[in-house]
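Same order as they appear, the protein sequences are chains A and B. 598 is the number of the first residue of the first sequence in my numbering; add one for each residue after it. 1178 is the number of the first residue of the second sequence in my numbering; add one for each residue after it.
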Amino acid sequence: MSRSRENTDLSRPLRSVIFATLPLLVLPQAASSATAAEVVEKSHQAFYYAGADMKARVTMELIAANGRKRTRVLTMLRRNETGGREQRYFMYFHQPGDVRATTFLVWTYPGKDDDRWVFIPAVNMVRRLAASDSRSSFVGSDFNYEDVSGRDVESDTHTLVREEELDGVPCYVIRSVPKTSAEYVRKLAWIDKSTFLPKREEYYDSQKELARVFTAHVVEVVGGYPTVVKRTMEDVKRAHRTEVTFEQIEYEMGLPEGIFTQRSLQQPPRKWIQ
Amino acid sequence: MNIKGSNPLEKLTRIALDHPRKVIAFAIILTAAFAFQFRSISIDTDPENMLEPDQSERVFYNSVKRDFGVHDLIVVGLVDQQGIFRPDSLQRISRATAEILKIPGVIIPDVVSLTTTDNITSAGGLLDIHPVMGEVPQNPAESSRLRAEMAENPFLHEKLASTDGTGVALYIPIREKNQSYRIAQQIQSVLKDHLLPGQSYHLAGLPVAEDTFGHQMFLQMAVTAPLAFCCILLLVFLLFRKSAFLLPIGLDAMLAVIWAMGLLIGTGHTVHIMSSMIPVFLMPIAITDDIHVLSAFYDRYRETGDKRRALLEGMVPLYRPMLFTSLTTAAGFASLALTDIPPVRVFGLFVAFGIIAAWLFSMTVVPATVSLMSEERLRRSLLPPQGDSAPLLDRLVRSVGRFAFARYRLVLLLGMALLLLGVLGVQRIQVNDNPVRWFKEAHPIRLADSVVNRLFGGTYMAYLVIEGERPEQIKQPDVMAYIAQIQTHLERDELVGKTSSVADIVKRINLVLHDGDRSYHEVPERADAIGQFLFLFQSSGDPDDLDNFIDYDAQRANVWVQLKGGDNQQMSAIERRLDEFLAFNPPPSGLKFRWSGLTYINRIWQDLMVVGMLKAVLGSFVVVFLLMLLQFRSLWMAALAMLPLSLAILLSYGLIGWVGKDYDMPIAVCSSLALGLAVDYAIHFLDRFRKHYRLSGDLGETNEYMFGEPGRAIGRNAVVISLGFLPLMLSSLTPYVTVGLFFATLMLFSTIATLLLLPAILRAAGRRIAGRVGV
């Protein structure tokens, strides 16, 4: 399996982060007997559901094959709905300049299409977006909506292929095959045995060729939660990649439910999006 | 002047006759070395390589492809006369599309089809983003709803489905153009498996045509070239009735081809469309000297019955004309090195090399082979009871000579009239080409081209790149509106099937945001609205979709112009249409416009070809004239030698003008070498005429002599060369057909001009000309 060079460079800081956070983590001996689906489920919890709520300032750099860049800066607010696996996301765009104050609201449900709304300030309009296609790119980046808010664990058949070290970190290697046709025919994920965060994911397309690669470069513990603060999604075939940095991360702020409504699309909650 | 015995070329022949086995063995060893190079053959079928790698339009096209993420396209038309919007047929198409996505080399996210492309519709504040055909319709009502939905979206209308509902299209971008043939084969086998009976498929687009051409071309080389070879041998046999002549002639042609191709491959050149034609060009030319040698040998041998003497004596008057005919023909081909088109340069230089090699063989290998033949066999083969060969041709040649000499005024008048006709015809010549036309009319590629371009928005891609003077300028409302105006103007031309641009995206988003209110199908007046619409668009589909039309800095926009025809003239017409628009509607400040795309690139190299060929023709005209001066040491004689070929060339091209055949790539190539080949007969004629006149001093008697053996040799030669090119007409590729037909015509004209015009002129002005050269 080929690995990018950045990975190796990052292995040392990564490892120290992980050692420092080990005591906080879910029991490692349970993992060895875990089934593949359980590993994926835990990984989802660690990656998408950490904390009851979360806030981050997200910078996305879209980098084309010729080196040209497009930058997107947004504030992302997330709230887990109590008792279920539903989530709500609120996104406010700071950059690029001409889309400033554009906002997105996403309600996700397990086993069902998301609800999405968008506010377009130049025409002062809120529109609901019905997208049966969660493979759609997220604001033009190499991430799609599923990558941002998570794909149902039940949508794929998961197999534990092997356990191996990736950059010195013990990982489960899980193969996931979609049950119905999807953007990929096979996904290989390296999931950190201790944090359950994905370290690397490889997506193979219908030509059985490597199409996209996700890499978690830097993991930091914020408010007790190991968090991927630097990640990349690379479209291998297009030689296009998106680098994402999370800053000003906060968990458990007690975000009120009212933020995640259509009304705040037009009147974003100033307090949370500075 | 006449340097018998001490002639270095004659020495060469003497050596060959003294050591025939060694000379032949040596030639064969060298040939084996050249043949050994064939193992490293590499093939290049890309017409883009007609341009230098650093040619500015090509560099620009590459940057357009990279910056806008555009790829060469295979366009698949699926046609069902019963109507394609039926649940069962849509089901098949959906499955076939999924299979096509699995073919390596297909760029999955960029495939445009019913199931992979998104449509945005709106109703009651809801923007619904879904594949054009998310679910396959289960009943006729759903099918017709799908059809209506597609007709409503200008992005899909006539792009994915035809207006009459009989066809749908798939646009399949591919990673490498030179894989189009392989991918096209795989697509066809998928479609064969999946389509219903009565449904047909058509693969169109320049990449398929170009790559398929490359593959067929090599088939042609394996079939047409050997066929031409056999045909030439057959003609030689029919004309001379001497089976003994076939071996030396065949040997010369084969060795020359192997040497030329071997050297070409061995020196690291790719075999391009052009170079694949080297064997068919070289073979007939290679044997012209042999026919003179064997013709002379035959006449002598009948008198003396001594092989060696017959060869040596028969060849004496031939060394000079053979040297000069070979030099002029080689110079004609070598003049192609003056063009700016790399494959043409390679072609010209290596054919020239092959010609010189063939000339060398004519003086060495050919006499050596003849000398090794048993006297017994030669006698039997060459001295048949009746002795006379092809009496019809001989009589014809003789009467032509007498006629021209006697009725010289009429001949000159006729020549003048034909010259005028030629000049008038040349002025009617239309420069035009289209790689799809390189296939004969009935070929599936031609059929696909006409079907798909009739039903859909056009398979010939051209890109109009609009560049602003600063970043973000494209997003300005005035620029965006101007782009939309250009599109409207271009689309009014019926040649333009469809145009797409970032302005269309903006208009579409504006429309769907306003619940489909048609009055909003326009560019908004605020720049930030445009920015936000594009942002929304990016959040609703594949990121590439926007990148195809606008670059990262929003400084450049790319307008896709789909043409229904790919002729160079059609491309030029669209360029003129844009220029007119720009002249009457001044663009917003600082905008620059530049064309690109395969259709445009083809137009560019075509132009280079025409200019290049003109340069080459003029160049070789000068070179041939200088060689004639060197040969005859007389301005008069040199001018005289140039006359028949000038007439022949003017007539051949005049004919093209009158018939209305386009001046295309193959015709352009023919032009420069026509000179070198057509002058041959004049050289032979004048050289021998002068020699004899010096001896006899009588014009009439000399003319009688000329239309004996020398005229016969010219006549035989003409028949072999003209007819020898004809097997090319059996080819399924039109460039081969064109070349075959053109050469047959040219050589015919050249022979007629030589045999009629020269005696007439010599009669009219002979004493003066001959007098100058006389002694």
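In this text, a Cβ means the ideal position worked out from N, Cα and C, and glycines have one as well. These numbers were taken from a predicted model, which means no experiment stands behind them.
>> Give me the chain B residues within the contact set of A:S803, using Cβ-Cβ distance strictly less than 8 Å, ordered along the chain.
In response: A1275, L1278, K1279, I1285
>> Whole angstroms are fine: how far does the CA of A:T756 sit from the CA of A:E638?
In response: 13 Å
> Which class does B:V1952 belong to by DSSP, given the choice of helix, strand or coil?
Replying inline: With a pLDDT of 33 at B:V1952, under the threshold of 50, the modelled position of this residue cannot be trusted, and the question is left open.
>> Distance check for B:A1487 and B:V1493, CA to CA, integer angstroms please.
In response: 10 Å
> Any Cβ of chain A within less than 8 Å of the Cβ of B:A1361?
Replying inline: no
> Short check: CB of A:T672 to CB of A:T656, under 8 Å?
Replying inline: no
> Ends of the beta strand (DSSP E) at A:M651?
Replying inline: 650-660
> Checking contacts by CB at 8 Å: is A:I717 closer than that to chain B?
Replying inline: yes
> Helix, strand or coil for B:T1676 per DSSP?
Replying inline: strand
>> Any C-beta of chain B within less than 8 Å: which residues of the region 642-675 of chain A qualify?
In response: L659, A661, A662, N663, R665, K666, R667
>> Can you tell me where the beta strand (DSSP E) holding B:F1770 begins and where it ends?
In response: 1769-1773
>> Once DSSP output is grouped into helix, strand and coil, what is the label at B:S1899?
In response: helix
>> Using a 10 Å radius around the Cβ and a threshold of 16 neighbouring Cβ atoms, would you call A:V636 buried or exposed?
In response: buried
>> So for B:Y1475, helix, strand or coil by DSSP?
In response: helix
> Quick one: which chain B residues come within Cβ less than 8 Å of A:G737?
Replying inline: F1712, Q1715, S1716, P1720, L1723
> When you check each C-beta in the region 1698-1712 of chain B against every C-beta of chain A, which residues fall closer than 9 Å?
Replying inline: P1701, R1703, A1704, D1705, A1706, I1707, G1708, Q1709, F1710, L1711, F1712
> How would you list, in chain order, the residues of chain B whose beta-carbon sits under 7 Å from the beta-carbon of A:V816?
Replying inline: Chain B residues near A:V816: none, gap ~27 Å exceeds 7 Å.
> Closest to B:L1278 by CA distance: which of B:I1360, B:M1593, B:A1508, B:L1806 is it?
Replying inline: B:I1360
> By the 10 Å Cβ neighbour count, where 16 or more other Cβ atoms means buried, how is A:K652 classified, buried or exposed?
Replying inline: buried
>> Going by DSSP in three states, B:Q1650 sits in which element: helix, strand or coil?
In response: helix
> Are the C-beta atoms of B:G1302 and some chain A residue less than 8 Å apart?
Replying inline: yes
>> Within 10 Å of its beta-carbon, does B:V1309 have 16 or more other beta-carbons around it, so buried, or fewer, so exposed?
In response: buried
> What residue from B:F1215, B:R1893, B:T1911 has the CA that sits closest to B:A1619's CA?
Replying inline: B:T1911
> Counting only runs that start and end within the region 1841-1908 of chain B, where is the alpha helix (DSSP H) found for 4 or more residues in a row?
Replying inline: 1842-1873, 1876-1883, 1886-1901
> Are there 16 or more other CB atoms within 10 angstroms of the CB of B:S1766, so buried, or fewer, so exposed?
Replying inline: exposed
>> Our contact map puts B:D1610 next to B:D1839 with C-beta atoms below 8 Å; I'd like the distance itself, whole angstroms only.
In response: 7 Å
> With distances taken from CA atoms, which of B:W1835, B:I1450, B:T1636 is nearest B:P1384?
Replying inline: B:T1636
>> Looking at the strands, I want to know which residues DSSP matches up with B:N1611.
In response: Looking at the DSSP assignment, B:N1611 forms no beta bridge with any residue, so it has no partner.
> Hey, does B:D1244 have any beta-carbon neighbour from chain A nearer than 8 Å?
Replying inline: yes
> So, helix, strand or coil for A:G694, using DSSP?
Replying inline: helix
> Looking at C-alpha atoms only, which residue of B:P1374, B:G1693, B:V1448, B:V1413 is the closest neighbour of B:Y1899?
Replying inline: Sequence check: residue 1899 of chain B is Ser here, not Tyr. Of the listed residues, the one whose Cα sits closest to B:S1899 is B:V1413.
> So B:Y1585 is in the alpha helix (DSSP H); what residue range does that whole segment cover?
Replying inline: 1585-1604
>> For B:P1281, count the other beta carbons within 10 Å of its own beta carbon; 16 or more makes it buried, fewer makes it exposed. Which is it?
In response: exposed
>> Cutting at 6 Å between CB atoms, please list the residues of its own chain near A:E854, excluding the five before and the five after it.
In response: none
>> Looking only at its chain, what residues have a beta carbon closer than 6 Å to the beta carbon of B:S1271, apart from the 5 residues adjacent to it on each side?
In response: T1292, V1313
>> So B:L1690 contacts chain A; which residues on that side make the cut at Cβ distance below 8 Å?
In response: I717, V720, M722, R724
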